[in-house]
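Counted the way the working numbering counts, the sequence shown spans residues 8 to 478.
We treat Cβ as the ideally placed atom computed from N, Cα and C, and that holds for glycine.
Quick caveat, the model's predicted, so the values are computed rather than measured.
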Amino acid sequence: MNSFANITGTYTDYYQLTMSQVYFLKGHSNQKAVFDYFFRKIPFGGGYVVFAGLYDLLEILQNLKFSKDDLEFLSDCGLNKDFIQYLKDFSFRGTIYSSNEGDIVFPTRPVLQVEADIIEAQIIETVLLNTLNFQSLIATKACRMSYQAPEGSLIDFGLRRSQGLGGYQASRAAIIGGFSATSNVISAKDNQTDVSGTMAHSFIQSYDDELTAFRHFAENMSENSVLLVDTYDTLKSGIPNAIKVAREMEERGQRLKGIRLDSGDLAYLAKKSREMLNDAGLSDVKIAASNQLDEYVIKSLIEQKAPIDLFGVGTNLVTGQPDAALDGVYKLCHFNGKPRIKLSENINKTSLPDKKQVFRIFNGEGQFYGADAITLRHEKGLDKMHHPFEADKKISLKGLNSEPILKKVMENGKVLIDKKSLKDISDYRRERLSLLPQEFKRFDNPHVYKVGISTILMNQRDELKEEYKKS
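Here it is, written out as structure tokens:
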């Protein structure tokens, strides 16, 4: 994809390079490391996160190099000349185990695990977090809206309000989360999704009268004419003029596709507009709405039975309001043949050591049981799991089915999985979400999805804690 053509090894934080230089000069560059990617808190006060950005990340890593300009810049920064020579031939040759893109994931458990030489694993940290945190945040926000809105009714209008070029990845993530189209032309082209758009108020203002503006637009966009009706007065001017143009189009054998509301009391205006359109014999003309929509506004409009067919969502989608960031982290769990752990006075920030697997537990009806269990990778069989931070809490898993979540998606720096369309990823997200019980999907006080650890992993972690406390 052209969007990643300019991403090179310098798409990283400087401290990744300073640490890597030390590894290199001290002869550690070939020592193997394993890092976990996970997050600690679900955004938006919700009950789940939609994992997104995986294939973009794999594509970046498969082609990651340092350019000649990169190396000259790093030399000017004062990095060691032998280390810069090492970077000249740098490529990512590691292995990655990951959840499927579009899956429903939960806090504290590994979503993805990286195995590579320590320098390779260190240098990719920033681009990994940048890609997965952002796209997962936006896909989750989009999914919350798609859970409320009718199928196919959500359109991404957010490019102009996004944080710079982040709007490109936001549009991709929105489709994964359940949006059906985007106004973002380059994203639609590259990701082969539907593109959508109407007109701006400036188009109507550029004419001396609203009716002429509508007529000219309909003449040139006959198959996709959606008229913005609130520039002057929605009910006294916009809708009557739209009806006139719709009747003129009928005389030409054409049909007006829709009208758009972009201000005011959307529920009230949609109901009145629907009445006026129906009275004019235009019951097939759709009503689109925009203007600071989010999952709560959409939910309210639907509960008010507002006859809105399409929702154009911008700012609150692509900026992930109100949270704006997913707190995904990247923690070392195994190095140079030994499991590693990070300790903290805050017990919730103590990491889990070693190479791991995650199992999704299912209830007797084939739905998610409400629990994921983290084990060591080599473990076979799982009859109970323990709370990761409260040793006296545990759950029996006897008789329940489970599914391993982390699958090998990259080996020796080469992508192992086929690239899927965003529709396929979104369909998988919808399928997985359907297996999540309702109480985890509600907006207010959702149930907490339990994440636990196996007895063997708990014992290993506790032994390491005691070992490092003595050192």
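Alpha-carbon spacing of residue i relative to residue j, whole angstroms
i	j	result
Gln-311	Phe-141	32 Å
Glu-122	Asn-408	28 Å
Tyr-376	Lys-476	36 Å
Pro-50	Thr-147	8 Å
Glu-66	Pro-314	42 Å
Asn-466	Lys-415	26 Å
Gln-199	Leu-32	46 Å
Ser-232	Ala-378	48 Å
Ile-193	Tyr-175	8 Å
Asp-163	Met-283	28 Å
Gln-155	Val-112	20 Å
Gly-16	Leu-172	19 Å
Asn-13	Leu-136	18 Å
Lys-6	Phe-186	Residue coverage of the chain in this structure runs from 8 to 478, which leaves residue 6 outside it and unanswerable.
Leu-471	Gln-92	37 Å
Phe-318	Tyr-303	13 Å
Arg-262	Gln-374	45 Å
Asp-424	Lys-279	The sequence shown places Ile at residue 424, rather than the Asp named in the question. About 51 Å.
Asn-343	Ala-188	47 Å
Leu-139	Leu-61	7 Å
Glu-386	Glu-438	28 Å
Arg-347	Asp-20	23 Å
Lys-457	Arg-254	58 Å
Gly-371	Leu-443	13 Å
Ala-177	Leu-300	16 Å
Asp-399	Pro-114	20 Å
Lys-264	Asp-215	24 Å
Leu-440	Glu-410	16 Å
Tyr-239	Met-206	15 Å
One or two residues paired with residue i in a DSSP bridge
i	result
Asn-408	Phe-369
Arg-267	Leu-235 and Ala-295
Ile-402	Met-392
Phe-318	Leu-161 and Ala-296
His-341	Val-41 and Pro-346
Thr-382	Gln-364
Val-57	Ile-111
Met-417	Ile-103 and Val-422
Val-336	Phe-45
Simplified DSSP assignment, three categories, for residue i
i	result
Asn-161	Rather than Asn, the amino acid found at residue 161 in this sequence is Leu. Strand at Leu-161.
Gly-101	coil
Ala-123	strand
Gln-364	strand
Gly-52	helix
Phe-90	helix
Ile-424	coil
Met-228	coil
Thr-189	strand
Thr-138	helix
Met-8	Unreliable positioning characterises Met-8 in this predicted model, as indicated by a pLDDT of 42, which lies under 50. The coordinate reading is nonetheless provided below. Met-8: coil per DSSP, three-state reduction.
Gly-459	strand
Gly-377	strand
Asp-201	strand
Val-118	coil
Ile-131	coil
Ala-331	coil
Cys-150	helix
Gly-260	coil
Glu-397	coil
Leu-71	coil
With 16 other Cβ atoms within 10 Å as the buried cut-off, status of residue i
i	result
Val-252	buried
Leu-166	buried
Asp-43	buried
Val-455	exposed
Cys-150	buried
Asn-452	exposed
Gly-459	buried
Arg-449	exposed
Met-8	The predicted model places Met-8 with a pLDDT of 42, which falls under 50 and marks its position as unreliable; any figure quoted below should be read in that light. Its Cβ having fewer than 16 others within 10 Å, Met-8 is exposed.
Val-57	buried
8 Å Cβ cutoff, residue i in contact with chain C
i	result
Ser-194	You won't find chain C in this structure, because it holds only one protein chain.
The ligand GTP heavy atom lying under 7 Å from the CB of residue i
i	result
Arg-281	Ligands are entirely absent from the displayed structure, and the ligand GTP is therefore not among its contents.
Given 8 Å as the limit, is there contact between the stretch 65-84 and the stretch 96-105, that is, 3 or more CB pairs closer than that? In short, these stretches touch, since the Cβ pair count reaches three.
Would you check if the stretch 209-227 and the stretch 243-251 touch, i.e. whether three or more CB-CB distances between them fall below 8 Å? By the Cβ rule, the stretch 243-251 counts as touching the stretch 209-227, because three or more pairs are nearer than 8 Å.
Assess contact between the stretch 421-438 and the stretch 360-373, defined as three or more Cβ pairs (one per stretch) separated by less than 8 Å. Is contact present? Inter-segment contact for the stretch 421-438 and the stretch 360-373 is absent: fewer than three beta-carbon pairs are separated by less than 8 Å.
Does the stretch 315-332 touch the stretch 172-192, meaning 3 or more C-beta pairs lie closer than 8 Å? By the Cβ rule, the stretch 172-192 counts as touching the stretch 315-332, because three or more pairs are nearer than 8 Å.
Would you call the stretch 74-90 and the stretch 25-39 in contact, with 3 or more CB pairs under 8 Å? With contact defined as three or more Cβ pairs closer than 8 Å, the stretch 74-90 and the stretch 25-39 are in contact.
Is the stretch 329-337 touching the stretch 283-296 in the sense that three or more CB pairs, one from each, lie closer than 8 Å? The answer is no - the stretch 329-337 does not touch the stretch 283-296, with fewer than three Cβ pairs under 8 Å.
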